[in-house]
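Below is one structure; the comments refer to it alone.
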Amino acid sequence: MTIVDPRVDVDNSAASQIPAADRGRLRIDRRVVEKIASQAASEVSAAGGTSGGFLGIGARRDFDARPKVSVDLRGDSATIAVTCGVAYPAPLRETTDAVRAHVHDQVERQVGITVDRVDIDVAWLSRADTGVARHLR
192 MTIVDPRVDV
202 DNSAASQIPA
212 ADRGRLRIDR
222 RVVEKIASQA
232 ASEVSAAGGT
242 SGGFLGIGAR
252 RDFDARPKVS
262 VDLRGDSATI
272 AVTCGVAYPA
282 PLRETTDAVR
292 AHVHDQVERQ
302 VGITVDRVDI
312 DVAWLSRADT
322 GVARHLR
């Protein structure tokens, strides 16, 4: 049985001599990037997704739901497509620009890959409740 004393400094000099590129690779799955991008898009108050339903039938517009996101990963770069709804009467351009910027920043910060493009598809408009409408003004 080996007892490790946490007060003893371990010599990691051999590991630090190996270049980082030769130590291994980190592979991030496309679905992970999709979830991060979807969460980031849902953090913009005037954007929403759909919830409920089965195979798209009976789904309802929901500003608390995450928008649908698909990601195309190519090496260390990504192209992201977001399908969301927007609260009416929010300005479409400002809302989509806010979603695009937030998704771009969050994915690059959390995942460490380059985001080449974020495409936004506004699938529906819905009257905002009073809390969202107040925030838009």
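If you're matching positions, the sequence shown starts at 192 in the working numbering and goes up one per residue.
For glycine and all other residues, C-beta sits at the position ideal for the given N, C-alpha and C.
Under the assumption that A314 contacts A281 (Cβ atoms under 8 Å), give the Cβ distance between them as a whole number of angstroms.
Locating residue 314 in the sequence shown gives position 123, counting from the first residue. Locating residue 281 in the sequence shown gives position 90, counting from the first residue. At roughly 15 Å, the Cβ-Cβ gap does not stay under 8 Å, so A314 and A281 are not in contact.
Presumed contact (8 Å Cβ cut-off) between H295 and V302, rounded CB distance
Counted from its first residue, the sequence shown places residue 295 at position 104. Counted from its first residue, the sequence shown places residue 302 at position 111. Not quite, the Cβ-Cβ distance comes to about 11 Å (not below 8 Å), so this is no contact.
Going straight from the alpha carbon of S233 to that of Q297, what length do you get?
Position 42 of the sequence shown, counted from the start, is the residue given in the question as residue 233. Position 106 of the sequence shown, counted from the start, is the residue given in the question as residue 297. Cα to Cα, S233 sits roughly 12 Å from Q297.
In the DSSP assignment, what residue or residues form a beta bridge with T241?
Here residue 241 corresponds to residue number 50 of the sequence shown, with the count starting at 1. According to DSSP, T241 bridges with R252.
Residues in the same chain with beta-carbon distance under 7 Å from D253, minus the five sequence neighbours each way, listed in chain order, please.
In the sequence shown, residue 253 corresponds to position 62, counting from 1. Correct list, in chain order: G239, G240, T241, S242.
Out of curiosity, what's the CA-to-CA distance linking S268 and I304?
Locating residue 268 in the sequence shown gives position 77, where the first residue counts as 1. Locating residue 304 in the sequence shown gives position 113, where the first residue counts as 1. Going from the Cα of S268 to the Cα of I304 covers about 5 Å.
Return the bridge partner residues of I311 from the DSSP annotation.
Here residue 311 refers to the residue found at position 120 of the sequence shown. According to DSSP, which records beta bridges pairwise, I311 is partnered with V273.
C-beta atoms of V262 and E299 nearer than 8 Å
By 1-based counting over the sequence shown, the position of residue 262 is 71. By 1-based counting over the sequence shown, the position of residue 299 is 108. Result no, Cβ atoms of V262 and E299 do not sit closer than 8 Å.
Buried or exposed for P210, please, with buried defined as at least 16 other CB atoms from any protein chain shown within 10 angstroms of its CB.
Along the sequence shown, one-based indexing puts residue 210 at 19. By the 10 Å Cβ count, P210 comes out exposed.
What would DSSP say about A278, mapped onto helix, strand or coil?
Residue 278 sits at position 87 when you count from the first residue of the sequence shown. Strand at A278.
Burial state of G215 (16 or more Cβ within 10 Å)
Translated into the one-based positions of the sequence shown, residue 215 becomes position 24. By the neighbour-count rule (16 or more Cβ atoms within 10 Å), G215 is not buried but exposed.
Is D296 helix, strand or coil when you go by DSSP?
Your numbering for residue 296 matches position 105 in the sequence shown. It is helical.
From which residue to which residue does the alpha helix (DSSP H) around V235 run?
Counting from 1 along the sequence shown, the entry for residue 235 is found at position 44. It is not in any alpha helix (DSSP H) - V235 carries neither H nor E in the DSSP assignment.
Can you check which of these residues, A319, D255, S317, is closest to S229 by C-alpha distance?
Taking the sequence shown and counting its residues from 1, one reaches residue 229 at position 38. Nearest option by C-alpha distance: D255.
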